[in-house]
């Protein structure tokens, strides 16, 4: 295990603590088995390493981080590691990329049952299933979801600020006072267009001008590696699915006609509907339904969006501004709220708030309903039920 400890120490030395995600404080780290799911590139590895560095420093031999795609596991099992580690006094084992290890769920269950003195934290793909995996971990593991950076987190990172998280009902009722206070600290439109293009994934700082190229590579890895491995996705369909993602990026927004689409890209209807679900689970798309109760894998989404606006720039050719606005709002709201398609308007939030997404110049509707809200782009301050679109980026 010496090589694993050595690598862990090297990673800790290179882990910065200057910017930390909110989820770091929300996780109940005292639980015996914790799982953190998230799309590729959202920062799961950094999150767990920051926790270890903050809480244990670099000299605590009772703590170990390993990535399960390391070659050490070609000749050793996860159970071997847990057994050796506990015999030397190990108390906390952090397992990164568990979806890359065969039978991960069964061995995790065995570790939980046979080594009660050992706490385990594991991270994995957003496609990770703990209920339908080889062993049911749903009664043992406490699961968390890490998403990409919110606009608030991006502002904190880029401008060195400490702007607060807002609750939706407070934002809606007090948006004028909140926006006025925030505007004393930051000018949102100095950063907003950059966020839409390159602010969602933390690795944008590392790759600079090559960010969109790297993001395209991430999409390819999801389509060509993770989906075939975790959902038996047929590699022969990858070029067709890439074509579909490009269509969604350039649409206003995309309302799927499944029959025509299946003919156009050469995938039968049943397979296409199944792949819609897989794309949503992989966090490449967000599928919007008129009701999110009892959704089956073969149910047609009412609208299809890319999961975030950065994907639109990486995958599309002529990105539609209206699509970008709606994609931003859906992305920022869906982390903590249930989103459906209303009979009238763009989004129904938690079955309460009916939100329409507009540009700056459109007049307010005359419905007079307290639950009708406009998210307007291009304005710093709102009025009445007209709320600046950027302000919805402060919900996590």
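Residue numbers (my numbering): 1308 to 1703. No residue lacks a Cβ here, since even glycine has one placed at the ideal position from N, Cα and C. Remember, predicted model here, so these are calculated numbers, not experimental data.
Fill in: Cα-Cα separation, residue 1664 to residue 1625
20 Å
Exercise for review: Below 8 Å CB to CB, which residues in the same chain sit around residue 1577 once its five sequence neighbours on both sides are set aside?
Suggested key: Once the five neighbours on either side are set aside, the close Cβ partners of residue 1577 are 1605.
- Message: Measuring straight from C-alpha to C-alpha, what distance separates residue 1447 and residue 1344?
- Response: 15 Å
(request) With residue 1577 as the anchor, note down where its alpha helix (DSSP H) starts and where it stops. (result) 1576-1588
If you draw a straight line from the alpha carbon of residue 1432 to that of residue 1373, how long is it in whole angstroms? 16 Å
| request: Taking residue 1363 and residue 1370 to be in contact with their CB atoms under 8 Å, please state how far apart those CB atoms are, rounded to whole angstroms. | output: Indeed, because the Cβ distance is near 5 Å, the residues count as touching under 8 Å.
For residue 1555 and residue 1581, which I take to be in contact (beta-carbon distance under 8 Å), what is that distance rounded to the nearest angstrom? The pair is not a contact, with the Cβ atoms about 17 Å apart (cut-off 8 Å).
Note to self: Among 1661, 1460, 1666 and 1685, whose alpha-carbon lies nearest the alpha-carbon of residue 1479?
What the structure shows: 1661
**Request:** Could you check what DSSP says for residue 1457 in three-state terms: helix, strand or coil?
**Result:** coil
Verify the CB distance criterion: does residue 1519 have a CB-CB separation below 8 Å to chain B?
Judged by its chain identifiers, the structure shown contains no chain B, having just a single protein chain.
Would you kindly report the start and end of the unbroken alpha helix (DSSP H) that includes residue 1594? Note, residue 1594: premise wrong, no alpha helix (DSSP H); beta strand (DSSP E) at 1592-1595.
Next on the checklist: Within a Cβ cutoff of 8 Å, which residues of the same chain sit near residue 1449, ignoring the five residues on either side of it in sequence?
Outcome noted: Cβ neighbours of residue 1449 beyond the five flanking positions: 1335, 1338, 1340, 1341 and 1342.
Please name the residue or residues paired with residue 1344 in a DSSP beta bridge. 1431 and 1452.
Q) Where residue 1572 and residue 1559 are concerned, what is the direct C-alpha to C-alpha distance, given to the nearest angstrom? A) The alpha-carbon of residue 1572 is positioned some 19 Å away from that of residue 1559.
Worksheet entry | Close-in-space but distant-in-sequence residues of the same chain around residue 1389 (CB under 7 Å, 5 per side omitted) | 1400, 1418, 1422 and 1425
Any idea what DSSP makes of residue 1321, helix, strand or coil? Correct three-state label for residue 1321: coil.
Would you kindly report the start and end of the unbroken alpha helix (DSSP H) that includes residue 1487?
Element bounds for residue 1487: 1475-1490.
Measuring CB atoms only, is the stretch 1498-1506 touching the stretch 1616-1623, in the sense that at least three cross pairs come out at less than 8 Å? Touching, per the Cβ criterion.
Practice problem: Go to residue 1661, then tell me how far its beta strand (DSSP E) extends in each direction, as first and last residue. | Solution: 1660-1665
*Where residue 1561 and residue 1551 are concerned, what is the direct C-alpha to C-alpha distance, given to the nearest angstrom?*
10 Å
By alpha-carbon positions, which one of 1544, 1327, 1528 and 1453 ends up nearest to residue 1470?
Closest option to residue 1470, judged by alpha-carbon separation, among 1544, 1327, 1528 and 1453: 1327.
Query - Cα-Cα separation between residue 1651 and residue 1403, rounded to whole angstroms - result: The C-alpha of residue 1651 lies about 44 Å from the C-alpha of residue 1403.
Quiz prompt | Pair within 8 Å by beta-carbon distance, residue 1311 and residue 1411 | solution = no
How many Å lie between residue 1420 and residue 1644 at the Cα? Roughly 35 Å between the two C-alpha positions.
Quick check on DSSP: helix, strand or coil for residue 1678?
coil
If you follow the beta strand (DSSP E) that residue 1373 is in, where does it begin and where does it stop? 1370-1374
* To do: Keeping to the same chain, check which residues put their C-beta closer than 7 Å to that of residue 1557; ignore five residues upstream and five downstream.
  => So the list reads 1623, 1624, 1625, 1626 and 1627, once near-sequence residues are dropped.
> Using the rule of at least 16 other Cβ atoms within 10 Å of the residue's Cβ for burial, across every protein chain shown, is residue 1496 buried or exposed?
Replying inline: Classification of residue 1496: exposed, given that the 10 Å Cβ count is below 16.
Report buried or exposed for residue 1642, applying the criterion of at least 16 other Cβ atoms within 10 angstroms of its Cβ. exposed
- Just to confirm, are residue 1375 and residue 1357 a CB contact at a threshold of 8 Å? The Cβ atoms of residue 1375 and residue 1357 do not sit closer than 8 Å to each other.
| request: Identify every residue that forms a DSSP beta bridge with residue 1543. | output: Under DSSP, residue 1543 forms no beta bridge with any residue.
*asked:* Measuring straight from C-alpha to C-alpha, what distance separates residue 1568 and residue 1309?
replied: Just so you know, the alpha carbons of residue 1568 and residue 1309 end up roughly 54 Å apart.
task = Express the C-alpha separation of residue 1458 and residue 1501 in angstroms, rounding to a whole number.
result = 10 Å
Proximal residues to residue 1686 (C-beta, below 7 Å), its chain only, five neighbours per side dropped:
These residues qualify, in order along the chain: 1667 and 1695.
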